[in-house]
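Peer 1: Structure in structure tokens, see below.
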Amino acid sequence: MEYKDYYKILGVNRNAKDEEIKRAYRKLALKYHPDRNPNDKQAEEKFKEINEAYQVLSDPAKRARYDQLGESYARWQQRGAPGGFNWDEWVTMPGGNVRVEVGNIEDLFGGGLGDFSEFFRRIFGGMQGYSSADFRRGAASGRTAQAPVYESDVRISLLEAFHGTTRRIELDGRRLEVKIPPGARTGTKVRVADAVVAPDGRKGDLYLKIQVEEDPNFERKGNDLYTEVEVDLYKAVLGGEVSVRTLTGNVLLNIPAGTQPGQTFRLAGQGMPVIKDPHSRGDLFVRVKVRIPRNLTPEQRQLFQKLASLG
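Quick note on numbering: the sequence shown equals residues 22 to 332 in this note's numbering.
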């Protein structure tokens, strides 16, 4: 199995701060996003690799484990020891009898953007796992006043929040699939009834508390999304169609002549699903950035000067 250098993939050093890692991720994600590179398999693979690296380096627990692995791998390379690197000690994960893992990623993305490499799956497949003792104790449930209630955080991407996704839970030999509904937002809680057995033998509910990660292309406010689109000066002045990315693909937006920098347009129904009514959606607000030409030809400069004199 090939070792992956996630720091190199994002172009940051091993001492990089969280903000530096986030900036590097956003820059690369924008560059290699499939919407900007349609039908480009190399860009798609690079985009998946960037996302995988960010999944690890943005999570303190995963990053700490990855750094330990990297030190061991470097020592093995320096020794020049015969035989391959011993992956077994890293593949076997601690954490008791309960673990939560990413589910339905291939189904959700059609085997595309959600894919993780063999390296990630083998090393981090159990990193979202924990034992009953690791859960936060919450308030008693309304169903049984004395029943214990537990919480645990689960991170999902904005795209997963849009489509809905699943997490698989293994508990004492049982495998449960927990559905996270479309429209989930940070703070949404998904209940798994009687999932945890307390030390005294009582069963308690487990609540998965959702944390939706930031997206490099969209800002979310409630059920609405906000994004930017860049247009050239001529289209802003004369009007025309521009392609706008959404979470379901690109759509055409017809901007009027005389569109101003910073002007915002609303695309109705292109936002997030409403969690209690997934057939309804919020809106997508598109802010226009006007690209001013930098290197004018002499002829273009003359034309602009002529326009200025006429104005």
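Note that the Cβ used here is the ideal one computed from N, Cα and C, for glycine as well.
Could you tell me which whole alpha helix (DSSP H) segments of length 4 or greater appear in the region 230-273?
Peer 2: Qualifying alpha helix (DSSP H) stretches, in chain order: 254-259.
Peer 1: Measure the alpha-carbon distance for residue 297 versus residue 25 and round it to whole angstroms.
Peer 2: Here residue 297 is taken as the residue at index 276 of the sequence shown, counted from 1. Here residue 25 is taken as the residue at index 4 of the sequence shown, counted from 1. Rounded to the nearest angstrom, the two C-alpha atoms are 41 Å apart.
Peer 1: Going by CA-CA distance only, name the one from 40, 258, 268 that's closest to residue 281.
Peer 2: Residue numbering aside, residue 281 sits at position 260 when the sequence shown is read from its first letter. The candidate whose alpha carbon is nearest that of residue 281 is 258.
Peer 1: Going by DSSP, what residue range makes up the beta strand (DSSP E) through residue 44?
Peer 2: For the purposes of this step, residue 44 is identified with residue 23 of the sequence shown, where counting begins at 1. Residue 44 -> not in any beta strand (DSSP E); alpha helix (DSSP H) instead, spanning 39-53.
Peer 1: Between which two residues does the beta strand (DSSP E) carrying residue 343 extend?
Peer 2: Here the chain covers residues 22 to 332 and nothing more, so residue 343 does not appear.
Peer 1: Using the Cα positions of residue 180 and residue 63, report the straight-line distance between them to the nearest angstrom.
Peer 2: Here residue 180 is taken as the residue at index 159 of the sequence shown, counted from 1. Here residue 63 is taken as the residue at index 42 of the sequence shown, counted from 1. Roughly 21 Å between the two C-alpha positions.
Peer 1: With which residues is residue 57 paired in a DSSP beta bridge?
Peer 2: Position 36 of the sequence shown, counted from the first residue, corresponds to residue 57. None, per the DSSP bridge assignment.
Peer 1: So residue 77 is in the alpha helix (DSSP H); what residue range does that whole segment cover?
Peer 2: The sequence position of residue 77 within the sequence shown is 56, counting from 1. Unbroken alpha helix (DSSP H) run through residue 77: 62-78.
Peer 1: If you reduce the DSSP assignment to three classes, tell me which class residue 214 lands in.
Peer 2: To locate residue 214, count along the sequence shown from 1; it is residue 193. Here residue 214 sits in strand by DSSP.
Peer 1: Measure the CB-CB distance between residue 33 and residue 45 and report whether it falls below 7 Å.
Peer 2: Within the sequence shown, numbered from 1, the residue matching residue 33 stands at position 12. Within the sequence shown, numbered from 1, the residue matching residue 45 stands at position 24. Yes; because the gap between Cβ atoms is below 7 Å, this pair is in contact.
Peer 1: Identify, in the order they occur along the chain, each residue of the same chain with its Cβ nearer than 7 Å to the Cβ of residue 271, setting aside the five sequence neighbours on each side.
Peer 2: As a working note, residue 271 is residue 250 in the sequence shown. These residues qualify, in order along the chain: 56, 264, 265.
Peer 1: In three-state DSSP terms, what is residue 18?
Peer 2: Outside the displayed range of the chain (22 to 332) lies residue 18, so it cannot be described from this structure.
Peer 1: Check whether the Cβ atoms of residue 269 and residue 233 lie closer than 7 Å to each other.
Peer 2: By one-based count along the sequence shown, residue 269 stands at place 248. By one-based count along the sequence shown, residue 233 stands at place 212. No, Cβ-Cβ distance for residue 269 and residue 233 is not below 7 Å.
Peer 1: Would you call residue 229 buried or exposed, if buried means 16 or more other Cβ atoms sit within 10 Å of its Cβ?
Peer 2: Against the sequence shown, residue 229 aligns to sequence position 208. The residue in question, residue 229, is buried, as its Cβ has 16 or more Cβ neighbours within 10 Å.
Peer 1: Would you list the one or two residues that DSSP bridges to residue 298?
Peer 2: For the purposes of this step, residue 298 is taken as the residue at position 277 of the sequence shown. DSSP output for residue 298 lists 295 as bridge partner(s).
Peer 1: From 291, 172, 252, pick the residue whose C-alpha is nearest to that of residue 244; which is it?
Peer 2: The residue labelled residue 244 in the question sits at position 223 within the sequence shown. The option with the nearest alpha carbon to residue 244 is 291.
Peer 1: Let's see if you can read the secondary structure: which residues bound the alpha helix (DSSP H) around residue 29?
Peer 2: For the purposes of this step, residue 29 is identified with residue 8 of the sequence shown, where counting begins at 1. Looking at the DSSP string, the run of the alpha helix (DSSP H) that includes residue 29 is 27-31.
Peer 1: Check each candidate in 256, 239, 326 and name the one with the smallest Cα separation from residue 279.
Peer 2: On the sequence shown, residue 279 is found 258 positions in, with the first residue counted as 1. Nearest of 256, 239, 326 to residue 279, Cα basis: 256.
Peer 1: Could you check what DSSP says for residue 196 in three-state terms: helix, strand or coil?
Peer 2: Here the question's residue 196 lines up with position 175 in the sequence shown. If DSSP states are grouped into helix, strand and coil, residue 196 belongs with the strands.
Peer 1: So, under 8 Å CB-CB, residue 6 and residue 307 are touching, yes? Tell me the CB distance rounded to an integer number of Å.
Peer 2: Outside the shown range of the chain (22 to 332) lies residue 6, about which nothing can therefore be said.
Peer 1: I need the DSSP call for residue 24, collapsed to helix, strand or coil.
Peer 2: In the sequence shown, the residue the question calls residue 24 occupies position 3. Three-state DSSP puts residue 24 in coil, outside helix and strand.
Peer 1: Between which two residues does the beta strand (DSSP E) holding residue 280 run?
Peer 2: The sequence position of residue 280 within the sequence shown is 259, counting from 1. Segment: none, residue 280 is in no beta strand (DSSP E) and carries neither H nor E.
Peer 1: Counting along the chain, where does the beta strand (DSSP E) carrying residue 308 start and finish?
Peer 2: Position 287 of the sequence shown, counted from the first residue, corresponds to residue 308. 305-312 is the span of the beta strand (DSSP E), which, as asked, contains residue 308.
Peer 1: Is residue 321 buried or exposed, if buried means 16 or more other CB atoms sit within 10 Å of its CB?
Peer 2: In the sequence shown, residue 321 corresponds to position 300, counting from 1. With fewer than 16 other Cβ atoms within 10 Å, it is exposed.
Peer 1: On the CB-based measure, 16 or more other CB atoms within 10 Å of its CB, does residue 283 come out buried or exposed?
Peer 2: Within the sequence shown, residue 283 is the residue found at index 262, counting from 1. Result: exposed.
Peer 1: For residue 325, which residues from the same chain have a beta carbon less than 8 Å from its beta carbon, with the 5 sequence-adjacent residues on both sides left out?
Peer 2: On the sequence shown, position 304 is the one that residue 325 refers to. Excluding positions up to five away in sequence, the list reads 317.
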